[in-house]
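For what it's worth, the working numbering labels the leading residue of the sequence shown as 33, then goes sequentially.
Written below as structure tokens is the structure these notes are about.
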Amino acid sequence: SYEKAWAYRQDQLPSTHPIVADMVDLEAVEVNFDGITYAKGASVLKQLAAWVGREPFTTGLRAYFAEHAWGNTTLDDFLRALETASGRELRSWSAVWLEQAGVTTLRPVFTTDEEGVITAFSVAQEVPETHPVQRPHRLAVGLYSLAAHPDGSPGTLRRVHRVEIDVDGASTDVPGLVGQPEPDLVLVNDDDLAYAKVRMDPASLATAVAHAAQMPDSLPRSLILGAAWDMTRDAEMAPRDFVDLVLADAGVETESSVLLTLLRQLGTTLAMFVAPGLRENVEAQVGDELLRLASSAEPGSDGQLQLTKALAARASGAAHLDAVAGLYDGTTTWQGLRVDVDLRWELLTSLVAGGRLGTGAIDAIEAERARDDTAAGRRAAAAARAAVPTQEAKQAAFDAVVHPADGAELPNAVAAATIAGFGRVVGDDGRALLEEFIEPYFSAIEDVWRTRSNEMAQQVVTGLAPVALASHALAERYDAWLAGAPSDLPALRRLVSEDRAVVVRALAAQAADLAR
């Protein structure tokens, strides 16, 4: 789910590109090893298997490998083998799926009668203005209902009906759903066959927020959570509602990869999508809930470890930092939680960023580094030093990666750790520290791009980008830089335009949060 979310994010940036693309130089190759090449490519291959049928797809693959064993092939060779096996014409499929950019949005549209029976159902396909390409999809639509326990309390959310159809064009009727009772939740792209953003109707969204945790099957639950994430990013769902959904599911989520994705999305939502005037209160509420979930999680489980790490990352109030400090110094223990070297660093960095250690932060970092005198320990120490919540510490971190003295350029891994620590702040006071570096960032990035290795330049430009400080003034600063950007640095312009799009998206989500 994380990989697919990466693809959707990349495919909505101004720099999106087709899966099949010409590489004009080495820089283009390096910046195009992205979510479209990898994650979208894999998703579209899965959709192709669904489009031609699993058995014909397997038959076509066998014929393809047999015919071209020990030889080179082209895309046409591959498509011709699948056409022969399936009877499906695939040149037009390839033209819109592999040679056009962008991601479409699928939305259920249906009506019911006074008895709650579906009288009409269709799937609308919406295309982005910048890439108005309609694509054919083979997908499933699932109807889910919430079964009640004998005592009348809500039970599990289970699928009661499913149809698999071809969707093509702006609207596709689904006659197989007419006559079905209206469910509690409609899930377009059930079983995750298609590559598309999915929307939920208002009733389904309300069911998801209240009852997604009651869905026992991981795949549809992750699809519902993914749809909610896309709706949040597109300002169709209030970020605080998404926070509620994540926290409700985090305590029962059994799939480690799904939980990891949710907690990452929770961090992004708090940092960028929740309205600034509401953010500190929401962060405090999230910290409280993460503390409760982590301390009561199944002993020794992946969930316990991930929730503890999330607590360390989001700790802001005294109670949160007290718990982190207790775990770090051993005065607090949670059954089954092993505080190993890596977790010790995360706990210590949490205390540093939260201001708990005050002027003793550097001494504590150096003491921990002495205990863990390894390459990983030195990287963790660099991140922790950069997380110290003072202007001096932030300046030192910024200078170390942007303006290193002659012969003092940091190794790539240490630089990446320093950049991560630089952005580690707590509360509005921490964000105010970073605002001082907006102008120095824009003043430095052209020189960084011209003088540093490509990998290091990308680290600096993307890692230090002030997107988490999203404001209308920041969007205007991005516009000003792009208006005067040198024409001979297209890869740099691409990265900056991507970050500008992230800021604009965050502003729309914040407005939706205020309108909740």
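Even glycine gets a Cβ: it sits at the ideal position worked out from N, Cα and C.
Computed from a prediction, not measured in an experiment: that's the story for all the values here.
For P140, the uninterrupted beta strand (DSSP E) segment begins and ends at 137 to 144.
Taking 3 residues as the minimum length, the stretch 285 to 325 contains no beta strand (DSSP E) run wholly inside it. A direct Cα-Cα distance of roughly 45 Å separates E400 from D224. Linking V159 to Y227 through their CA atoms gives a straight-line distance of about 13 Å. Judged by DSSP in its simplified three-state form, V433 adopts helix. One alpha carbon belongs to R537, the other to P518, and they sit about 25 Å apart. Taking F474 as the centre and dropping the five residues before and after it, the same chain places the C-beta of R509, W513 closer than 7 Å to its C-beta, in chain order. The stretch 86 to 121 is shown to contain whole alpha helix (DSSP H) runs of 4 or more residues at 86 to 99, 107 to 118, in chain order.
C-alpha of L178 to C-alpha of L302: approximately 30 Å in a straight line. Taking C-beta separations shorter than 6 Å and ignoring five residues to either side along the sequence, the partners of R388 in its chain run L353, following chain order. A residue is called buried when at least 16 other Cβ atoms come within 10 angstroms of its Cβ; F430 meets this threshold and is buried. Under the rule that a run must span 4 or more residues, the alpha helix (DSSP H) segments found entirely inside the stretch 487 to 541 read 504 to 515. Counting C-beta pairs with one atom in each stretch, the stretch 150 to 168 and the stretch 200 to 210 have three or more that are closer than 8 Å, which means they touch. In the DSSP assignment, D205 is bridged to S154.
Counting along the chain, S47 sits inside no beta strand (DSSP E), nor does DSSP assign it H or E at all. With contacts defined by Cβ atoms closer than 8 Å, E99 and V149 do not form a contacting pair. Judged by beta-carbon spacing, V373 lies beyond the 8 Å limit of D334, meaning their Cβ atoms are not closer than that value. A distance of 8 Å or more separates the beta carbons of V275 and V220.
For S485, there is no enclosing alpha helix (DSSP H), as DSSP marks it with neither H nor E. According to DSSP, I197 shares a beta bridge with L171. Taking the Cα positions, I51 is about 43 Å away from D461.
A direct Cα-Cα distance of roughly 11 Å separates K78 from L171. By DSSP's assignment, K229 forms a beta bridge with T137. Ranked by how close their Cα comes to the Cα of L375, the residues K341, L107, E268 have K341 in first place. DSSP places L219 in the uninterrupted beta strand (DSSP E) bounded by 217 to 222. Nearest in C-alpha terms to R41, of all of V199, T450, P164, T300, is T300. Assigned with DSSP and collapsed to three states, R190 falls in strand.
Shortest Cα-Cα distance from D233 to any of F142, E196, K36, L496 involves F142. Rounded to whole angstroms, the gap between the alpha carbons of V499 and G455 is 10 Å. P164 sits in coil when the DSSP states are folded into three classes, being neither helix nor strand. Assignment of P213 by DSSP, reduced to helix, strand and coil, places it in the strand class.
Under the DSSP assignment, R410 falls in the alpha helix (DSSP H) whose first and last residues are 407 to 418.
Counting along the chain, no alpha helix (DSSP H) covers R370, and no H or E run does either. Between T162 and G134, the C-beta gap is smaller than 8 Å, which places the two residues in contact. About 4 Å separates the beta carbons of W38 and G67, which is inside the 8 Å limit, making them a contact pair. The C-alpha of E467 is placed about 42 Å away from the C-alpha of Q246.
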